[in-house]
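Below you'll find the structure, written out as structure tokens, and then a few comments.
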Amino acid sequence: MKTKAFIAICTAAVILGVGSYFILEKESKIDIVEPEVKAEEKPTAKKVKEESISVLQGSRGNYKIDIHQAEDLRFHISAEIEVTNESKSVWEDIGFYFIPNVTTLENKYFMLSSIGEAEISSIRNKDGEELSYKLNDTMLYVTPKSDVQPGEKTILTVEYLLKPPFKGQRLSRIDNNFYLALWYPMLGRYTNKWELHPYYHVGEFYDTGYGDYEITYELAREYLVASSGEDGEPKPTISGKTQGTNIKDFYIAFLDPEEWISETLQANDTTIRYFYPYDVPDTLHQMIMDAQRAFLFMEKNIGDNPTKEFDVVANNSGMEYPNIVEVWFDPGRHERVLIHEIAHQWFYFMVSSDPYEESWLDESLTALLEGTYRTLRYDSSEMGEKLGFNEINIFAERKTQQEIANIPVTEFGTDHGPVLYGKIPAILRDFFKERGGHEETIKFLSAYFNEFKYQYVDTETFVEFFNEYHQEDHTEFFKEWLLLE
461 MKTKAFIAIC TAAVILGVGS YFILEKESKI DIVEPEVKAE EKPTAKKVKE ESISVLQGSR
521 GNYKIDIHQA EDLRFHISAE IEVTNESKSV WEDIGFYFIP NVTTLENKYF MLSSIGEAEI
581 SSIRNKDGEE LSYKLNDTML YVTPKSDVQP GEKTILTVEY LLKPPFKGQR LSRIDNNFYL
641 ALWYPMLGRY TNKWELHPYY HVGEFYDTGY GDYEITYELA REYLVASSGE DGEPKPTISG
701 KTQGTNIKDF YIAFLDPEEW ISETLQANDT TIRYFYPYDV PDTLHQMIMD AQRAFLFMEK
761 NIGDNPTKEF DVVANNSGME YPNIVEVWFD PGRHERVLIH EIAHQWFYFM VSSDPYEESW
821 LDESLTALLE GTYRTLRYDS SEMGEKLGFN EINIFAERKT QQEIANIPVT EFGTDHGPVL
881 YGKIPAILRD FFKERGGHEE TIKFLSAYFN EFKYQYVDTE TFVEFFNEYH QEDHTEFFKE
941 WLLLE
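In this note's numbering, the protein residues as written are 461 to 945.
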């Protein structure tokens with residue numbers, strides 16, 4: 461979900477993430493005021509279904525992963541995964557994403573500029589028996605010794621070697637810094653089949669459910685550690701453990717302490733840890749203040765974020781992961797990308813949806829929240845909205861061939877950015893402006909978030925909730941830009 465940072469190789473890469481598309485206007489120096497969001501009171505929306513699709517995850521994976529970095533800086537990894545069949549189907553195989561496979565010489569995705577190493581040495585069950593498997597592109601299918609029944613748990617361990625590609629996409633090494641994104645066997649989401657897709661460079665092609673993570677690491681030298689888990693005081697370390705509960709993906713970065721500085725601030729019960737390169741330290745404090753203000757606003761006005769630790773890594777990228785984001789350190793791009801990625805913690809992480817089939821549910825709602833927050837920060841007047849939605853408006857004004865938002869991410873082509881980050885947020889903004897203004901946008905997003913927190917939402921569920929919230933049928937409004945049954 462999510463601004464997508466990638467190497468700007470071709471036109472397609474321009475749409476890869478909101479973080480990398482725009483030249484932003486100079487940042488406003490107006491101090492943010494946390495507005496008391498007031499709008500016409502609406503009755504609490506009722507549950508839209510007795511058994512909503514949002515709660516039917518289908519599969520759950522809990523992970524215990526051990527990372528050992530050798531002197532040659534390759535990672536030897538052992539991933540023990542407890543898999544639970546939460547579906548009503550009997551599984552003959554178990555589906556994972558093993559995304560590092562597309563960085564290898566034999567399987568390199570055509571848009572990746574360099575190769576890495578990823579080699580599975582064994583997959584075993586809890587009794588130590590070797591399991592057969594098939595690996596094609598990113599899709600790993602493991603065959604257990606016996607079928608996995610509904611409600612049954614099974615444990616398997618994947619041993620593999622990993623060397624991230626130099627300046628890769630997401631999974632990457634830059635100098636002596638390692639950014640481990642999409643780096644482990646990620647249990648796929650199961651409906652009536654495993655929802656696995658080949659690698660695609662725009663947006664998210666992968667979809668995973670919630671799970672618990674325990675990561676231990678032993679490194680060849682000291683690094684600063686930033687991750688989706690709780691890492692404590694930022695300081696160089698050579699070994700340690702980090703863990704997180706009820707998260708849908710786990711990111712971990714090992715940063716060269718000679719290249720990075722860090723600062724921490726408190727936002728309610730959450731410690732924000734900010735990592736920034738040594739060679740551009742003068743704007744660090746302002747940027748961490750931006751993060752603190754945005755986080756506090758969203759907790760107050762959208763809903764509680766229970767994480768004890770939230771990390772920001774300013775590595776000139778733009779991407780969201782649970783409890784951690786990558787952002788630009790260029791002041792001209794930093795503010796908006798930072799706000800967008802923080803907003804994704806509410807819409808992508810804590811409210812989950814299918815980023816392959818229905819990417820608008822996290823990207824467009826996140827862009828809407830981003831623009832609304834910036835508008836309220838600057839000034840809720842017309843001039844404030846012009847600044848707050850500047851980049852969204854630029855995207856919305858582009859001509860597109862595609863007008864429908866809930867199609868597979870692979871079908872957008874060059875319309876990916878204009879539709880998801882421009883036209884749809886602008887349409888929703890204008891809807892709420894006619895019914896209470898920007899404050900009403902915030903009220904609706906808060907109601908939606910609190911209804912579906914830590915649940916899975918599809919387009920039909922969103923539309924039903926929207927209609928219940930407004931106590932009116934707006935289905936025809938949605939049919940102008942969504943495919944509905």
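Even glycine gets a Cβ: it sits at the ideal position worked out from N, Cα and C.
Taking only the alpha-carbon atoms, compute the straight-line gap between residue i and residue j and give it to the nearest angstrom.
i: residue 944; j: residue 777; result: 35 angstroms
i: residue 750; j: residue 758; result: 12 angstroms
i: residue 543; j: residue 887; result: 41 angstroms
i: residue 533; j: residue 680; result: 7 angstroms
i: residue 587; j: residue 925; result: 46 angstroms
i: residue 939; j: residue 867; result: 13 angstroms
i: residue 507; j: residue 669; result: Caution is warranted here: a pLDDT of 44 is assigned to residue 507, below 50, making its placement in the model unreliable, and the coordinate value is therefore given only provisionally. Distance between the alpha carbons of residue 507 and residue 669 is about 22 angstroms.
i: residue 878; j: residue 629; result: 22 angstroms
i: residue 611; j: residue 756; result: 39 angstroms
i: residue 800; j: residue 606; result: 45 angstroms
i: residue 795; j: residue 682; result: 31 angstroms
i: residue 576; j: residue 619; result: 17 angstroms
i: residue 490; j: residue 903; result: Reliability of the predicted coordinates at residue 490 is poor, the pLDDT of 30 falling under 50, and no value is obtained from them.
i: residue 892; j: residue 911; result: 19 angstroms
Going by the beta-carbon positions, is the gap between residue i and residue j smaller than 8 angstroms?
i: residue 865; j: residue 941; result: yes
i: residue 537; j: residue 673; result: no
i: residue 804; j: residue 780; result: yes
i: residue 849; j: residue 870; result: no
i: residue 701; j: residue 675; result: yes
i: residue 772; j: residue 735; result: yes
i: residue 761; j: residue 906; result: yes
i: residue 919; j: residue 828; result: no
i: residue 647; j: residue 631; result: no
i: residue 714; j: residue 688; result: no
i: residue 824; j: residue 748; result: no
i: residue 740; j: residue 712; result: no
i: residue 569; j: residue 661; result: yes
i: residue 609; j: residue 550; result: yes
Pick out whichever of the options has its Cα sitting closest to the Cα of residue i.
i: residue 539; options: 559, 616, 609, 894; result: 616
i: residue 860; options: 646, 875, 694, 536; result: 875
i: residue 579; options: 828, 622, 651; result: 622
i: residue 718; options: 695, 730, 552, 936; result: 695
i: residue 553; options: 535, 595, 528, 526; result: 595
i: residue 520; options: 921, 937, 915, 920; result: 915
i: residue 667; options: 786, 597, 654; result: 654
i: residue 752; options: 721, 733, 625; result: 733
i: residue 922; options: 827, 831, 812; result: 812
i: residue 531; options: 863, 832, 698, 634; result: 698
i: residue 872; options: 853, 817, 897, 844; result: 817
i: residue 831; options: 547, 814, 934, 854; result: 854
i: residue 626; options: 636, 574, 671; result: 574
i: residue 598; options: 614, 837, 882, 657; result: 657
i: residue 555; options: 562, 564, 545; result: 545
Looking at the strands, I want to know which residues DSSP matches up with residue i.
i: residue 603; result: 592
i: residue 647; result: 556
i: residue 456; result: Because the chain here runs from 461 to 945, residue 456 falls outside it and cannot be looked at.
i: residue 598; result: DSSP output for residue 598 lists no bridge partner at all.
i: residue 734; result: 723, 772
i: residue 544; result: 520, 613
Which whole runs of the beta strand (DSSP E) in the segment 675-729 are 3 residues long or more, in chain order?
Counting whole runs of 3 or more residues, the segment 675-729 contains the beta strand (DSSP E) stretches 697-707, 712-715, 720-727.
Ignoring anything shorter than 4 residues or poking outside the segment 776-822, list the alpha helix (DSSP H) runs there in chain order.
Within the segment 776-822, the complete alpha helix (DSSP H) runs of at least 4 residues are 791-803.
Uninterrupted alpha helix (DSSP H) stretches inside the segment 886-929 (no shorter than 4 residues)
Entirely contained in the segment 886-929, the alpha helix (DSSP H) runs reaching 4 residues are, in chain order, 898-912.
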